[in-house]
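Chains A and B are the protein sequences, given in the same order.
Counting with numbering that gives the first Met the number 0, you get residues 0 to 288 for the letters of the first sequence.
Counting with numbering that gives the first Met the number 0, you get residues 0 to 288 for the letters of the second sequence.
2 protein chains.
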Amino acid sequence: MSAFADRLIEAVRLRDTPLCVGMDPFPDRIPALFGGGLRAIEAFFAEILEIARTRAAVVKPQIAFFEALGPEGYALTKKLTAEAQAKGLLVILDAKRGDIGSTAAGYAEATIGAGGFDADAVTVNAYLGRDSLEPFLALARERNKGVIVLVRTSNPGARDLQDLTLEGGAPLWTRVAEMLAPEAKRLEGESGWSGLMAVAGATWPEEAAKLRAILPTSLFLVPGYGAQGASARDAVAGFVNGEGGVVSSSRAVLYPPAASEARTLDVWRAAIADAMDAANAELRAALRP
Amino acid sequence: MSAFADRLIEAVRLRDTPLCVGMDPFPDRIPALFGGGLRAIEAFFAEILEIARTRAAVVKPQIAFFEALGPEGYALTKKLTAEAQAKGLLVILDAKRGDIGSTAAGYAEATIGAGGFDADAVTVNAYLGRDSLEPFLALARERNKGVIVLVRTSNPGARDLQDLTLEGGAPLWTRVAEMLAPEAKRLEGESGWSGLMAVAGATWPEEAAKLRAILPTSLFLVPGYGAQGASARDAVAGFVNGEGGVVSSSRAVLYPPAASEARTLDVWRAAIADAMDAANAELRAALRP
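Given below as structure tokens:
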């Protein structure tokens, strides 16, 4: 198996889009067509994955929403991860885990390990320091997986800590990026891109350019496009020559208005395909100015 | 039901110890007496809880290790949480969750919500900013639960980010504490203590005193005592008049050498009780100088 970065960039090139479909189950927004309960969520995402397989490079289950449904929801994440992979999609598990030593190794095993979700990549929180990343990096290197570190997020509260000015004048988030820089090589593939990725919120396009300078080979995971208000052009601000990461969209492609009004599965399918196609058209236009 | 802080401090006073028994399942270290697989882990902790109920104020399942065992391990955490509560123990779920908006609300529901683990408190990572804490605080206030924020951890890598000097000269972790200070009142109980707790690593006793000055009413969760090398006296450095939080010990009380050599359940039980009693004797001595 090739390096995660190579598999990701190849998937982006093949579909000609950096679209990452976020898998956020909102039971209230899943059309009645699918029935109710966990089975509705399972059926809903089975359809979403089928529509996404030719339209997105990668999917990103947001495990918080599955965990909120109880242990059965957690187990469903594993099932859907395997289903997405069987359809040829890469899976980024959005879990934002972070701990130290053997505990971090536990999370690494649970997310990208053979006995856990066996996802292709996982998001992690590095507030605990470099040693908290090591078990993830080691397992990712061994198993050709990716590790995606929260650097500069897309929420208003990102200002509270991430933007604090350090002695010397740089904001905290740049130090997080600098901490990653020496490790990027460990997950670099033949494409030259690294699977030690950074979360770079689309709502901060100027920061994305700065982050690209600190981490020239790291692929970016860009949240905040669509429902969170950032434009496609903002979302790709950290890209270079038309590539450099994936752009996540969840609610805009899972719950577009036309889909919520659909009374038949075919109408719903067409509405979802339209929403993904529209996102792709916007992203392609932003990448070819 | 009374505020989490009141329930915790009452439990500490009743057992006359701040001991928090960490529940870290290491399958290789669980004696053969218990059999193998998940059932061994379940049986092991059922015994641990029975021994701990009169010797510890609170228990702390480390969910990373359960997640590493797959979805069945995750489900087991819920079962053990309910079992501990049925035995009169409070449960801190050590999950170090952190995300934004509706995603953070998902984690809050999953950990301290009625549809999730319904634990008494949960550990969270605040790198994403104040807005990432809000859903936890709101649910905790509503349900008399606790929220425990990582401020200054006990690992060497804590220096990488938490200790960075901000413009003006203060380390980053003090700013995290300052961000919590205005919120502490929301989770204060009649005891005067707040269930908006802070993680204050025992390996940094001087920082604990500083942290106490910034957060005078917040109870502390102190990791790092025992296996991580901090003394009982270091562990209670942030306490005031003999109280102010709980001190976590995992491996030292779960896997003491005498227990691993035990060939009968009675011998094993006595070894575990001895290890907890020894921790309590040390902690009591440290608190009554």
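Using N, Cα and C, we set each Cβ at its ideal position, and we do this for glycine too.
Would you list the residues sitting across from residue i in a DSSP beta bridge?
i               : result
I91 of chain A  : A:A120
K144 of chain B : Paired residue(s): none; K144 of chain B is not in a bridge.
S248 of chain B : B:V20
L149 of chain B : B:V198
P170 of chain A : A:T164
F219 of chain A : A:A197, A:G244
A229 of chain A : A:Y224
R96 of chain A  : A:V123
V239 of chain A : A:E242
Taking buried to mean at least 16 other C-beta atoms within 10 Å of its own C-beta, is residue i buried or exposed?
i               : result
E177 of chain B : exposed
T16 of chain B  : buried
S1 of chain B   : exposed
R151 of chain B : buried
S193 of chain B : buried
S217 of chain B : buried
V252 of chain A : buried
V121 of chain A : buried
S153 of chain B : buried
D300 of chain A : Because chain A in this structure spans residues 0 to 288, residue 300 of chain A falls outside the shown range and cannot be described.
G72 of chain B  : buried
E189 of chain B : exposed
N289 of chain B : Because chain B spans 0 through 288 in this model, residue 289 of chain B falls outside it and cannot be assessed.
T53 of chain A  : exposed
Three-state secondary structure (DSSP) at residue i?
i               : result
Q161 of chain A : coil
L18 of chain A  : strand
K59 of chain B  : strand
E260 of chain B : coil
Y73 of chain B  : helix
E66 of chain B  : helix
Y254 of chain A : coil
A25 of chain B  : Correcting the residue identity first, residue 25 of chain B is Phe in this sequence and not Ala. In this structure, F25 of chain B counts as coil in the three-state DSSP scheme.
E187 of chain B : strand
V266 of chain B : helix
N279 of chain A : helix
T110 of chain A : helix
A234 of chain A : helix
G128 of chain A : coil
T80 of chain A  : helix
A2 of chain A   : coil
K209 of chain A : helix
What residues from chain B crowd round residue i, counting only those whose CB sits closer than 8 Å?
i               : result
L149 of chain A : Y126, L127
P155 of chain A : G128, D130
G114 of chain A : A67, L68, G69
Going by C-alpha distance, which of the options is nearest residue i?
i               : options                        : result
L289 of chain B : B:S247, B:Y126, B:M275, B:D27  : No statement about residue 289 of chain B is possible, as the shown extent of chain B runs from 0 to 288 and does not include it.
L75 of chain B  : B:T53, B:R268, B:P24           : B:P24
P222 of chain A : A:T216, A:V235, A:F135, A:Y254 : A:V235
D27 of chain B  : B:C19, B:I40, B:V20            : B:I40
S101 of chain A : A:A125, A:D276, A:T110, A:S131 : A:S131
E187 of chain A : A:N143, A:A10, A:A207          : A:N143
A292 of chain A : A:R211, A:D117, A:V245         : Since the first and last residues shown for chain A are 0 and 288, residue 292 of chain A lies out of range.
P204 of chain B : B:M196, B:G228, B:P181         : B:G228
A113 of chain A : A:A94, A:A199, A:T80, A:I99    : A:T80
T263 of chain A : A:L7, A:L32, A:V20             : A:L32
P256 of chain B : B:A231, B:P30, B:A45, B:A139   : B:P30
D119 of chain A : A:L127, A:A125, A:A104, A:F135 : A:F135
L88 of chain B  : B:F116, B:V58, B:Y106, B:A107  : B:V58
P215 of chain A : A:D233, A:G200, A:G244, A:T202 : A:G244
L48 of chain A  : A:R287, A:N279, A:R268         : A:R268
K77 of chain A  : A:G97, A:M22, A:R129, A:A103   : A:M22
D149 of chain B : B:G105, B:G128, B:R140         : First, the amino acid is wrong: residue 149 of chain B is Leu here, not Asp. Ranking the options by Cα distance to L149 of chain B, first place goes to B:G128.
A180 of chain B : B:A197, B:E166, B:A169, B:P170 : B:A197
Please list, in chain order, the chain A residues whose beta carbon lies closer than 8 Å to that of residue i.
i               : result
Y106 of chain B : A63, E66, A67
K77 of chain B  : G69, P70
Give me the chain B residues within the contact set of residue i, using Cβ-Cβ distance strictly less than 9 Å, ordered along the chain.
i               : result
A272 of chain A : In chain order: nothing, as chain B lies at least about 25 Å away.
P36 of chain A  : The residue asked about is misnamed: residue 36 of chain A is Gly in this sequence, not Pro. Within 9 Å Cβ-Cβ: nothing; G36 of chain A doesn't reach chain B, min ~13 Å.
T202 of chain A : Neighbours of T202 of chain A on chain B: none; closest Cβ ~11 Å, over 9 Å.
Since residue i meets chain A, which of its residues come closer than 9 Å, beta carbon to beta carbon?
i               : result
L160 of chain B : A125, Y126, L127, G128, R129, L171, R174, V175, M178
L165 of chain B : L163, T164, L165, E166, L171
A261 of chain B : Those within 9 Å of A261 of chain B in chain A number zero; the least Cβ separation is about 23 Å.
What residues from chain A crowd round residue i, counting only those whose CB sits closer than 7 Å?
i              : result
D98 of chain B : A63, K95
Closer than 8 Å: is that where the CB of residue i sits relative to any heavy atom of the ligand MN?
i              : result
G34 of chain B : As for the ligand MN, it is missing from this structure, which has no ligand bound.
How would you list, in chain order, the residues of chain B whose beta-carbon sits under 7 Å from the beta-carbon of residue i?
i               : result
G244 of chain A : In chain order: nothing, as chain B lies at least about 19 Å away.
Y73 of chain A  : P70, Y73
Is there a Cβ from chain D that is less than 9 Å from the Cβ of residue i?
i              : result
D23 of chain A : Given the protein chain composition of this structure (A and B), no chain D is represented.
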